[in-house]
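Report on the following structure.
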Amino acid sequence: MASSSSVLCEDELQCPICLDVFTDPVTTPCGHNYCMICLKEFWHISLHCQCPECKEEFPKCPELRVNTFISKLAAQFKQQFPLKTKKVLCDSCTVEKLEALKSCLHCGVSYCNTHLMLHNTTAKLMKHKLIDPVENLEDYICQKHEIPLELFCRDDQTCVCQFCIEGEHKSHNTVPLEEESEDNKTELWMILKVFQQMIQERLKMIEEIRHNIELKKKTTEKEKTDFVEIFSNLMSCIERSQTELPNMMEEKQKAAERQAEEFIKELKQEITELKRRNTELEQLSHIEDHLHLLQIYPSLCSPPHTQDWTDLTITTHFSVETLRRKIIQESLNNGLEMFVQNGEGKDVSPFSNKQSSQALFSFLDGIKPLQENTNHGFIQQCPV
1 MASSSSVLCE DELQCPICLD VFTDPVTTPC GHNYCMICLK EFWHISLHCQ
51 CPECKEEFPK CPELRVNTFI SKLAAQFKQQ FPLKTKKVLC DSCTVEKLEA
101 LKSCLHCGVS YCNTHLMLHN TTAKLMKHKL IDPVENLEDY ICQKHEIPLE
151 LFCRDDQTCV CQFCIEGEHK SHNTVPLEEE SEDNKTELWM ILKVFQQMIQ
201 ERLKMIEEIR HNIELKKKTT EKEKTDFVEI FSNLMSCIER SQTELPNMME
251 EKQKAAERQA EEFIKELKQE ITELKRRNTE LEQLSHIEDH LHLLQIYPSL
301 CSPPHTQDWT DLTITTHFSV ETLRRKIIQE SLNNGLEMFV QNGEGKDVSP
351 FSNKQSSQAL FSFLDGIKPL QENTNHGFIQ QCPV
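Have a look at this one:
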């Protein structure tokens, strides 16, 4: 049986938003996983409650609960592959330097749990600002006034202290560091959202390109097979068309006659109906009962259901299609001489030049209607 470490993979335990190993992983209804804080921040700045990956929208933001299974896997992964961070040591320890718990911006010193007790019990020290231990404490302190940097100057885009705003930054637009940091975080989340969308779009484009290439490959192979089959059946198609041509023309004539009979039948039925309606209207025009007239008038005056015969065209001469078929028949009687001789009468291969190839395809295009379009008679109803 494989050990649990063999199935742990950082990519599978990575939050798609922060790109780090899951912290308090939650699962959306669509099945995707994120850090709880990452997903909440995403929904906070997004206009819709939706999945950051598949974009599925939720009518109501779901209640997020930690996925214990993924949480255990992430914790196990972090134990096996811990992040190597440099420890910050306590500045007050003299014998054995213990790991610092907090750094004081006012004192400029990092303290362990023991030396931090005074800051938690002494009223004056309790007013000092404590942060997570850092090595570069001098970066958090104003080098000019030696007090914590607590404000941000938006005009000069720099961090300042309380004394700075009374001097060279007096008339500048300054806000607390926390407020500026939150604004930057919001902007970062928006940029992150754009990047995630760009990544998804490019991944989709890669899949489409691969799919199109594979489809093109299959299509090319099929076209090659079809091309060989078409030319192998060409001669038999020509010979069969020569035999079937008279029968097809006779069938076309019979179909036209049947269609004409149907039209005549429909026209006679409409004439009968119109005559009946005409008689009723004549009788109605002489009626003296006004109430009865008004009651039956709408039903008799409404136009009867008839077809529009204005576009019916009866062709009594040979159409272009008939002429083309006649030419095909003559070509068939003469064999394939039209494809093996060029304009100078020299025998050449039917596929040796572009002109011969075009003539061959034109010939095939003329044969197809003989096999398929046998229901079009001399009577056609033109489209409106």
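By the count of full-length UniProt numbering, the sequence shown reaches residue 384 at its end, each step adding exactly one. Think of the CB as a built atom: it goes at the ideal place given N, C-alpha and C, for glycine as much as any other residue.
Task: Nearest-angstrom Cβ-Cβ length linking Ile-131 and Ser-103, presumed shorter than 8 Å - done: 5 Å
Task: Under 8 Å between C-beta atoms of Val-21 and Lys-78 - done: Cβ atoms of Val-21 and Lys-78: closer than 8 Å.
Open item on the list: With the cut-off set at 8 Å, would you say Phe-163 and Ile-147 are in Cβ contact?
Closed with: Yes. Within cutoff.
Open item on the list: Let's see if you can read the secondary structure: which residues bound the alpha helix (DSSP H) around Phe-227?
Closed with: 177-232
Open item on the list: Quick check on the burial criterion: 16 or more other C-beta atoms within 10 angstroms. Buried or exposed for Leu-291?
Closed with: Leu-291 is exposed by the Cβ-count criterion.
Task: Reference Lys-127; option with closest CA among Cys-107, Phe-227, Cys-112 - done: Cys-107
Open item on the list: Determine whether the beta carbon atoms of His-115 and Cys-153 lie at a separation below 8 Å.
Closed with: no
TODO: Tell me, please, whether the segment 57-77 touches the segment 208-218 by the rule of three or more beta-carbon pairs shorter than 8 Å.
DONE: Contact fails: fewer than three Cβ-Cβ distances are below 8 Å.
Open item on the list: Between which two residues does the beta strand (DSSP E) holding Ser-110 run?
Closed with: 109-111
Task: Per-residue burial, Ile-264 [other beta carbons within 10 Å of its own, 16 or more giving buried] - done: Exposed is the call here.
TODO: Grab me the residues of Ser-299's own chain with a C-beta within less than 6 Å of its C-beta, minus the 5 sequence neighbours each way, in chain order.
DONE: none
- [ ] Kindly indicate the opening and closing residues of the alpha helix (DSSP H) around Ser-71.
- [x] Its alpha helix (DSSP H) spans residues 68-80.
TODO: State the DSSP-derived secondary structure class of Asn-278, mapped to helix, strand or coil.
DONE: helix
- [ ] Can you give me the Cβ contacts of Lys-124 inside the same chain, cut-off strictly under 7 Å, excluding the 5 residues immediately before and after it?
- [x] none
Open item on the list: Cys-30 and Cys-51 - do their beta-carbons sit closer together than 8 Å?
Closed with: yes
TODO: Specify whether the segment 30-46 and the segment 184-194 touch according to this definition: at least 3 beta carbon pairs, one from each stretch, less than 8 Å apart.
DONE: yes
Open item on the list: Helix, strand or coil, according to DSSP, for Gln-162 in the structure here?
Closed with: coil
Open item on the list: So, under 8 Å CB-CB, Thr-310 and Glu-270 are touching, yes? Tell me the CB distance rounded to an integer number of Å.
Closed with: Contact doesn't hold; Cβ gap of about 14 Å is too wide.
- [ ] Please report the residue range of the alpha helix (DSSP H) in which Thr-121 lies.
- [x] Thr-121 -> alpha helix (DSSP H) spans 117-121.
Open item on the list: For Lys-102, report the span of its beta strand (DSSP E) as first-last.
Closed with: 102-104
Task: Coarse secondary structure for Leu-125, derived from DSSP in three states - done: helix
Open item on the list: Rounded to the nearest angstrom, what separates Asp-308 and Ser-236 at their Cα positions?
Closed with: 44 Å
Open item on the list: Is the separation between the beta-carbon of Pro-59 and that of Leu-101 shorter than 8 Å?
Closed with: no
TODO: List the whole-angstrom C-beta distance separating Ile-70 from Asn-33, where the pair is believed to meet the contact cut-off of C-beta under 8 Å.
DONE: 6 Å
- [ ] Could you tell me whether the Cβ of Cys-161 comes closer than 8 Å to any Cβ of chain B?
- [x] The structure shown contains no chain B; it holds only a single protein chain.
- [ ] State the Cα-Cα distance for the pair Pro-303 and Tyr-297, rounded to the nearest angstrom.
- [x] 12 Å
TODO: Rounded to whole angstroms, what's the CA-CA distance from Thr-174 to Asp-155? Just pull it up for me.
DONE: 8 Å
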